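Those protein sequence lines, which keep their order, are chains A and B.
Letter 187 of the first sequence, counting from 1, is numbered 187 in our numbering, and no numbers are missing.
Letter 191 of the second sequence, counting from 1, is numbered 1191 in our numbering, and no numbers are missing.
What follows is a single structure, written as structure tokens, with notes after it.
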Amino acid sequence: MPYLLVLEEALNGIELGIMLFLMAAGLTLIFGIMNLINLAHGSFYMVGAYVSAATFAKTGSFFLALAAGVAAGAVVGVFTEIVVFRTLYRRDHLDQVLATFGLVLFFNEAVRILWGPTALYATVPRFLSGQVDILPGAPYPAYRLAIIVVGLLVAGLLYGLVAKTRIGMLIRAGASNRVMVGALGVNVRLLYTLLFATGAALAALAGLMAGPIFTVDSGMGDSVMIQAFVVIVIGGIGSIRGAFVAALLVGFVGTMGRAFLSPLLATVMAPSAADNAGPTLASMAIYFLMATVLFFRPQGLFPPQAR
Amino acid sequence: MRRLRVLAPMLLTAMILLGLALVPPIAGLSGENYTIDVFTRIMIFAIAALSLDIILGYGGMVSFGHAAYLGIGAYAVGILAFYHIDNGFLQFAAAILASAAAAAFIGFVSLRTSGVYFIMITLAFAQMIYLLSISLSTFGGSNGLNIDVHSKFLGLLDLGNPTTLYYLVFGVLLLFLFLGHRLVNSRFGMVIRGAKSNPRRMATIGFPLLRYQLAAFIIAGVMCGVAGALLANQELFVAPAIMHWTRSGEIMMMVILGGMGTLIGPVLGAIVFLLLEDVLSGVTEHWQAVMGLFLVLAVLFARGGMLGFLYRLRGGRSGA
């Protein structure tokens, strides 16, 4: 029986990792190519969750909600890119951090104005509300399984896009030498906007999928955004492959720590002390992971090639 | 003209400090303590912003986790008070030691990296300490910890009196401004500033930069820890929210608003930021949306902060 529990938690870890990857992929692409650090990426996640939950409540159609959420993320992404980020590309990282910090404050308050201060209630669509037997006698929520499948699918698509298509080639070229790509006649501006829309849409997708699992409230994107930063720092900023590996690693360590650290500690110390220390250590686990990785590899696991 | 450029910041500093010194007597005329409380808080954040500016503005270390030390200092006071240790000297010593230890660890790991990595790592470490404070259920967890008594300084100071607390905070601010001035103009300060503008060159000359930067990082952490201990005394309450990541962003914003790389800039920034917050929150409950937009606009259009703006008014390029 404990093995089934471990299996279930492992799947939870993968699921969290997949969501973090959807966030981190956009962040790391945007940073790798435009050299832009965007704190407001968590806001796209939040916008996706809010719009999707509101659409679902109004229409009852899951697929409409899905489309609306992703589209809203992309639209907000493009809008902020044109209004704010275009001015920020040439600024230093400090200015980028502060301006996008202002955006986070704005978006967090904007959803409160639009949807009120209380959390929205997002529901799992009926056809995914059941359980699936992953092994005989080991049921697992179908919705969480669907998240894993969708996430892997998107990761595959993204890999195909970046590695096999012309746009992907331009993206990779832009990452290694922006100026040269522009000089060769590529509309870099449009490429940036397109990339931004993709990143924002991915974040929105992660947000709307997370809606039924966590709560949909103002500021929901903040902690995910910080974890996504941890992911791309561990993975090596600018590397999609690094983001994927690191996201799974972080999701795994975080989930496993929360589930098993207390019982594990209880075998070596008093149960009450373990009950206290377990959650404490678990919440710090991914940051320890990050500190350890950086101590040995200051550029992350998959450092980008010289730019 | 040149003389004006040198005199202007000194004049501004003198005016701001004089104004701050006169707040209690003037506010006391109306017989209420609200204004004194507001400005006590402003000066506490001015200390925090000043400490950040020493590593950010002079050292080029963009630490996005500075609120952590504010929290550590406040929790040092709170936790000791929880165990009925209300000796102020002990409490402040604990705040200093704890924030120094935390800064030493965080700096040791973070300073191995630079640029964006550094920003994100300091943010992540602050988040770690924030989560740690939430999980401390003995000390109130996310609900926070009430502090029963103010720090006691052998009966010399009664921090329960708003005016006494005000002048204590004012004194600490003056002391840190003085120390900061000595620091950034010393040989040590020159090394730190050199490391900002050309680290490779400084390293080639033979300075062990990491050691200097770590020392500056710890000094800034300690200053901010003291600000936290003062904040705990003002609010008689400490909660994890004190080190929420947005707080770090706010402190950073104060530095930039005022003008980084100057000592009086962060103080000016804290005054403007917190007064603006006070006014806006009185006008609308959605003041954070306005504040957010204001910050975006300030970054996009007002480079060099308010001091930079003042210098530009006087003609010529900003030297700040």
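Note that beta-carbon positions come from the ideal geometry of N, C-alpha and C, so glycine has one too.
Predicted model, so just to flag it, every value in this text is computed and none were measured.
Chain A places no beta carbon closer than 8 Å to that of histidine 1066(B), leaving this residue out of the contacts. For isoleucine 1119(B), the enclosing alpha helix (DSSP H) has its first and last residue at 1115–1135. Separation of leucine 120(A) and valine 1226(B) (C-alpha to C-alpha, rounded to the nearest whole angstrom) is 40 Å.
Counting along the chain, the unbroken beta strand (DSSP E) around leucine 135(A) starts and ends at 131–135.
The DSSP assignment places complete alpha helix (DSSP H) segments of no fewer than 4 residues inside the stretch 19–96 of chain A at 41–59 and 62–80, in order along the chain. Below the 9 Å Cβ cutoff, chain A contributes no neighbours of phenylalanine 1309(B), its closest Cβ being approximately 16 Å away. Ranked by how close their Cα comes to the Cα of threonine 198(A), the residues Thr118(A), Ala65(A), Leu158(A) and Gly102(A) have Leu158(A) in first place. Chain A places no beta carbon closer than 8 Å to that of alanine 1103(B), leaving this residue out of the contacts.
Distance from the CA atom of valine 1299(B) to the CA atom of aspartate 95(A), rounded to whole angstroms, is 6 Å. A Cβ-Cβ distance of about 21 Å is found for the pair alanine 1102(B) and tyrosine 1058(B), leaving them out of contact under the 8 Å criterion. Between valine 1172(B) and leucine 1097(B), the beta carbon gap of about 17 Å keeps them out of contact (Cβ cut-off 8 Å).
The Cβ atoms of tyrosine 89(A) and methionine 34(A) lie closer than 8 Å to each other. Closer than 8 Å at the C-beta level to chain A, one finds these residues of the stretch 1115–1136 of chain B: Gly1115, Val1116, Tyr1117, Ile1119, Met1120, Ile1121, Leu1123, Ala1124, Phe1125, Gln1127, Met1128, Leu1131, Leu1132, Ile1134, Ser1135 and Leu1136. Identification of chain A residues near glycine 1292(B) by a Cβ-Cβ cut-off of 9 Å yields Phe101, Gly102, Leu103, Val104, Leu105, Phe106, Phe107, Asn108, Glu109 and Ala110, ordered along the chain. If you draw a straight line from the Cα of valine 1062(B) to the Cα of asparagine 1198(B), it is about 16 Å long. Here alanine 270(A) carries a coil assignment [DSSP, helix/strand/coil].
The residue from Glu1285(B), Val1149(B) and Val1238(B) with its alpha-carbon nearest to that of glycine 116(A) is Glu1285(B).
For proline 141(A), the enclosing beta strand (DSSP E) covers residues 138–141. Apart from the 5 residues on each side of it in sequence, phenylalanine 62(A) sits with its Cβ closer than 7 Å to the Cβ of Phe56 and Pro125 in its chain, given in chain order. Classified as exposed, aspartate 92(A) has fewer than 16 neighbouring CB atoms from the shown chains inside 10 Å of its CB.
The criterion of a C-beta distance shorter than 8 Å is satisfied by isoleucine 148(A) and isoleucine 14(A).
The C-alpha of threonine 1164(B) is placed about 50 Å away from the C-alpha of isoleucine 237(A). With fewer than 16 other Cβ atoms inside 10 Å of its own Cβ, arginine 1211(B) counts as exposed. For valine 75(A) against leucine 103(A), the beta-carbon gap comes to about 15 Å, at or over 8 Å, which does not count as contact. Rounded to the nearest angstrom, the gap between the Cα atoms of phenylalanine 1045(B) and leucine 105(A) is 19 Å. Under the DSSP assignment, alanine 1241(B) falls outside any alpha helix (DSSP H); it carries neither an H nor an E label.
Classified as exposed, threonine 1204(B) has fewer than 16 neighbouring CB atoms from the shown chains inside 10 Å of its CB. Under the three-state reduction of DSSP output, asparagine 1033(B) falls in the coil class, being neither helix nor strand.
Runs of the alpha helix (DSSP H) lying entirely within the stretch 1015–1066 of chain B, each at least 4 residues long, are 1023–1028 and 1034–1053 in chain order. Neighbours of tyrosine 89(A) across chain B, judged by C-beta separation under 7 Å, do not exist; the nearest C-beta is about 12 Å away. Between glutamine 1127(B) and isoleucine 37(A), the C-beta spacing is not below 8 Å. Under the DSSP definition of a beta bridge, valine 186(A) lacks any partner.
Contact of arginine 1112(B) with chain A by beta-carbon distance below 8 Å involves Leu294, Phe295 and Pro298. The DSSP assignment places complete alpha helix (DSSP H) segments of no fewer than 4 residues inside the stretch 197–249 of chain A at 220–235, in order along the chain.
In the three-state reduction of the DSSP assignment, leucine 1230(B) falls in the helix class, which pools H, G and I.
Sixteen is the threshold: since fewer than 16 other Cβ atoms of the shown chains lie within 10 Å of the Cβ of proline 1025(B), the residue is exposed.
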